[in-house]
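*Asks:*
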Ligand SMILES: [Mn+2]
């Protein structure tokens, strides 16, 4: 029996034991309030990924060769709390095995579980959130695991940096750390916002991307499309620089709400995921090259010493 692989990559690059990357789909859409359908997100993302070129021009690399294991999806949906717990446990398990864990939602509440796991596994964690919404409510419609609360816990327990925000409730201004929030209307007039974001980050960074952070002109298929969002190349520049300057420990992408008549959103999500792998492993490769150069120099010096 042949199992489906991420992006249709050959089975030898998709094995659980040897893959550096784990892709965990969480097709959960239990608490969304407006357009439903982000439970169909992972499937649309995987379909689009299969139609994507696997060579990345910009980094001159083939990221899939690091191995991408497509995990069984998390289907727990009895309650948002139980779903969050399941995401937490599964993420924690893969992290303990040294995997680079990536998650595709589903609605944004899935990130509560993954961030909890990453925060326990990495010191001094920054959560870099790209989103139209602050998601800082402590509780919404009777649950602390509602999508509107996705970042409340991260704001309490981690260094949270929010980018692209353009919609929130006045109550959220009370818990928000204004110095680490990049509002979309300010970013539109500031050429240096990426530098300022980098300055707010600690060494270990988990990235959570709500696709509604993008402008609806390039990503309309999301539950709550808000005007005035991020464009493609500025987002890539941010993600590339974060990878160059910090240690990206994992990421999630959420809130793809596919529309069968509009495939470009699915494709953007697919490409975004692959770009994040390209930047991550390009950096790993270049730091490995540096390390091995250093090692050979040390060895050479020792050899010369032995000569005496
Ligand atoms: Mn959002």
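Residue numbers (my numbering): 41 to 348. Positions of the beta carbon are idealized from the N, C-alpha and C atoms, including for glycine.
Residue ranges of each beta strand (DSSP E) run of no fewer than 3 residues wholly in the segment 118-180, ordered along the chain?
*Replies:* Segments of the beta strand (DSSP E) lying fully in the segment 118-180: 140-145, 165-170.
*Asks:* Check whether the segment 271-286 touches the segment 52-68, taking contact to mean three or more Cβ pairs, one atom from each stretch, closer than 8 Å.
*Replies:* In short, these stretches do not touch, since the Cβ pair count stays below three.
*Asks:* Could you tell me which residues DSSP puts in a beta bridge with residue 266?
*Replies:* Answer is none; residue 266 lacks a bridge partner.
*Asks:* Within 10 angstroms of the Cβ of residue 360, are there 16 or more other Cβ atoms? Answer buried if so, exposed if not.
*Replies:* The chain is shown from 41 up to 348; residue 360 falls before or after that span and cannot be answered.
*Asks:* Roughly how many angstroms separate the alpha carbons of residue 252 and residue 100, rounded to a whole number?
*Replies:* Going by the C-alpha atoms only, they are around 29 Å apart.
*Asks:* Tell me the rounded alpha-carbon separation between residue 328 and residue 274.
*Replies:* Approximately 28 Å between the Cα atoms of the pair.
*Asks:* Quick one: give me the first and last residue of the alpha helix (DSSP H) that residue 192 is part of.
*Replies:* That run of the alpha helix (DSSP H) goes 192-197.
*Asks:* Would you say the segment 189-197 touches the segment 261-273, given that touching needs at least three Cβ pairs under 8 Å?
*Replies:* No, the segment 189-197 is not in contact with the segment 261-273.
*Asks:* Go ahead and pull the three-state DSSP assignment for residue 98.
*Replies:* In this structure, residue 98 counts as coil in the three-state DSSP scheme.
*Asks:* Taking DSSP as the reference, what is the three-state secondary structure of residue 260?
*Replies:* Correct three-state label for residue 260: coil.
*Asks:* Could you please give the first and the last residue of the uninterrupted alpha helix (DSSP H) stretch that includes residue 273?
*Replies:* Residues 272-285.
*Asks:* From this set, 179, 156, 242, 145, which residue's C-alpha is nearest residue 164's C-alpha?
*Replies:* Closest option to residue 164, Cα to Cα, is 242.
*Asks:* Compare the beta carbon distance of residue 172 and residue 310 with 8 Å and say whether it is the shorter of the two.
*Replies:* Taking 8 Å as the Cβ cut-off, residue 172 and residue 310 do not qualify as a contacting pair.
*Asks:* Output the distance between the C-alpha atoms of residue 145 and residue 306, rounded to the nearest integer angstrom.
*Replies:* Rounded to the nearest angstrom, the two C-alpha atoms are 12 Å apart.
*Asks:* Mark residue 182 as exposed unless 16 or more other C-beta atoms lie within 10 angstroms of its C-beta, in which case mark it buried.
*Replies:* By the 10 Å Cβ count, residue 182 comes out exposed.
*Asks:* Quick check on DSSP: helix, strand or coil for residue 111?
*Replies:* Reduced to three states, the DSSP call for residue 111 is coil.
*Asks:* When you compare each of 68, 230, 51, 257 to residue 104 by their alpha carbons, which one comes out closest?
*Replies:* Of 68, 230, 51, 257, the residue nearest in Cα terms is 51.
*Asks:* Judging by CA-CA distance, which residue of 314, 296, 326 is the nearest neighbour of residue 84?
*Replies:* When only C-alpha atoms are compared, the closest one is 296.
*Asks:* Could you tell me which uninterrupted alpha helix (DSSP H) segments, each at least 4 residues in length, are contained entirely in the segment 290-328, listed from first to last along the chain?
*Replies:* Complete alpha helix (DSSP H) runs here, min 4: none at all.
*Asks:* Under the assumption that residue 176 contacts residue 215 (Cβ atoms under 8 Å), give the Cβ distance between them as a whole number of angstroms.
*Replies:* Right, the Cβ-Cβ distance comes to about 5 Å (below 8 Å), so this counts as a contact.
*Asks:* Is the segment 126-139 close to the segment 153-161, with three or more CB pairs under 8 Å?
*Replies:* Yes, since at least three Cβ pairs between the segment 126-139 and the segment 153-161 fall closer than 8 Å, the two stretches touch.
*Asks:* Just how far apart, CA to CA, sit residue 302 and residue 77?
*Replies:* Whole-angstrom Cα-Cα distance: 14 Å.
*Asks:* Taking the alpha-carbon of residue 217 as reference, which of 232, 230, 192, 224 has the nearest alpha-carbon?
*Replies:* Minimum Cα distance to residue 217 is reached at 192.
*Asks:* Keeping to the same chain, check which residues put their C-beta closer than 6 Å to that of residue 320; ignore five residues upstream and five downstream.
*Replies:* Excluding residues within five positions, the ones whose Cβ falls inside 6 Å are 283, 288.
*Asks:* Does DSSP classify residue 79 as helix, strand or coil?
*Replies:* Residue state, collapsed to three classes: helix.
*Asks:* What's the gap between the Cα of residue 185 and the Cα of residue 124?
*Replies:* When rounded, the distance between both Cα atoms is 7 Å.
*Asks:* Output yes or no for whether 8 Å exceeds the beta carbon distance between residue 298 and residue 261.
*Replies:* A contact, by the Cβ cut-off of 8 Å.
*Asks:* Could you check what DSSP says for residue 244 in three-state terms: helix, strand or coil?
*Replies:* DSSP places residue 244 in strand when its eight states are reduced to three.
*Asks:* For a test of your reading of the model: does the CB of residue 212 fall under 7 Å from any non-hydrogen atom of ligand 1? Yes or no.
*Replies:* Checking every heavy atom of ligand 1 against the Cβ of residue 212, none is found closer than 7 Å.
*Asks:* Around the C-beta of residue 147, are 16 or more other C-beta atoms found within 10 angstroms, so that it is buried, or is it exposed?
*Replies:* Burial call: buried.
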